[in-house]
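Residue numbers (this note's numbering), protein chains in the order written: chain A, 20 to 131; chain B, 817 to 932.
Virtual Cβ for every residue (Gly too), placed ideally from N, Cα, C.
I have placed the structure first, in the form of C-alpha cells, so that the comments after it can refer back to it.
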C-alpha cells in the first residue's frame with residue numbers, strides 16, 4: 020500500500036518568513052495530493068491540492084509543487100501570519116482507490 | 817464546499833458500553849464514506865471505507881466486530897464502538913465523497929470519545 024512520509028514534524032518560523040513542508044510517497048500510481056490544515060480539536064481543512072498532471076499550483080500565499088519522478092511534493096507558505104499556526108498534513112491517493120494516506124503531520128508555529 | 821456533519825461532537829461513556837456516532841452529508845450524495853481515528857498529536861488513521869448499501873472494508877488491524885459501520889443511505893453512515901474501553905478514547909472523524917465531488921473528501925467536525 021501507499022506510504023507517505025512528512026518532514027519536519029515541527030517547524031517554527033518568524034512572522035513574515037516562508038515555511039516549507041515536504042512529503043514523499045511510495046506508490047507511483049498515486050495521482051492526487053491534497054494538503055490539509057488542522058487546528059486543535061477541529062476537522063482537517065483542505066487548503067490546496069495538486070493532481071499528477073501538473074507540477075505546481077499556487078493560491079495566494081500557498082503553493083504546492085510535485086515531482087513525480089522523485090515521488091515528492093512540497094507545501095510552501097509565504098509571508099506567514101500568526102493564523103497560519105496549525106498542524107499541516109499531506110496526503111496521497113489514487114483516484115481509482117479513493118483511500119487517502121496521510122503523512123504524519125507538521126506542527127507549524129508562527130512567531131510574532 | 818460540501819457539508820458533512822457528525823453527531824455527537826463529544827461523548828463520555830463507561831467502559832463496556834456501546835457508542836454510536838453518526839456522519840451525514842447534508843447537501844450531496846455520498847457514495848463513499850470513510851472513518852478515521854486520530855489519537856492526540858498523531859495523524860489520521862483510516863479505519864474503514866464504506867459504500868452505500870454494501871459492507872464496509874476495514875483496514876488491517878481494525879476489528880470489524882468492535883467497530884460496526886453501517887452505510888444505509890447516500891447521506892448517512894454510522895460507526896458503533898461496541899464494548900468500549902479506555903484505549904478506544906480518541907477523536908473519530910468521518911469524511912464523505914461522491915461522484916459530483918471528483919473524489920475530494922469532505923470531513924465532518926469529528927467526535928471526541930472518552931471512555932472512563
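| Asked | Found |
| --- | --- |
| Unbroken stretches of the beta strand (DSSP E), 3 residues or longer, contained in the segment 822 to 871 of chain B | 826 to 829, 835 to 841, 848 to 854, 861 to 867 |
| Straight-line gap, residue 827/B to residue 90/A (C-alpha atoms, nearest Å) | 40 Å |
| Coarse secondary structure for residue 30/A, derived from DSSP in three states | strand |
| Identity of the residues DSSP links to residue 887/B by a beta bridge | In the DSSP output, where bridge partners are listed per residue, residue 887/B has none listed. |
| Near-chain B residues of the segment 61 to 90 of chain A - C-beta to any C-beta below 9 Å | 61, 62, 63, 64, 65, 68 |
| Inter-residue Cα distance where the pair is residue 56/A and residue 35/A | 19 Å |
| Three or more C-beta pairs below 8 Å linking the segment 898 to 913 of chain B and the segment 99 to 115 of chain A | no |
| For residue 911/B and residue 926/B, believed in contact at Cβ under 8 Å, the rounded distance | Actually they are not in contact, since the Cβ atoms of residue 926/B and residue 911/B sit about 10 Å apart, beyond 8 Å. |
| Three-way DSSP call (helix, strand, coil) for residue 903/B in this model | helix |
| Cα-Cα separation, residue 67/A to residue 905/B | 31 Å |
| Member of 104/A, 45/A, 118/A whose CA lies at the smallest distance from the CA of residue 38/A | 104/A |
| Option in 866/B, 878/B, 858/B, 920/B with minimal Cα separation from residue 887/B | 866/B |
| Which of helix, strand or coil DSSP assigns to residue 103/A | helix |
| Alpha carbon of residue 824/B to alpha carbon of residue 835/B, nearest angstrom | 10 Å |
| Whole-Å CB distance - residue 197/A paired with residue 80/A, under 8 Å assumed | The structure shown does not extend to residue 197/A, since chain A is modelled only from 20 through 131, so no value can be given for it. |
| Rounded distance between the beta-carbons of residue 913/B and residue 872/B, thought under 8 Å | Not confirmed; about 15 Å, so no contact. |
| Nearest-angstrom beta carbon gap, residue 123/A and residue 25/A [assumed within contact, 8 Å] | 5 Å |
| 8 Å Cβ cutoff met for residue 842/B and residue 850/B | no |
| Limits of the unbroken beta strand (DSSP E) element including residue 878/B | It is not in any beta strand (DSSP E) - residue 878/B carries neither H nor E in the DSSP assignment. |
| Outcome for residue 819/B when other beta-carbon atoms lying within 10 angstroms are tallied against a minimum of 16 | exposed |
| Neighbourhood of residue 101/A by C-beta, 8 Å cutoff - its chain only, sequence neighbours within 5 removed | 34, 129, 131 |
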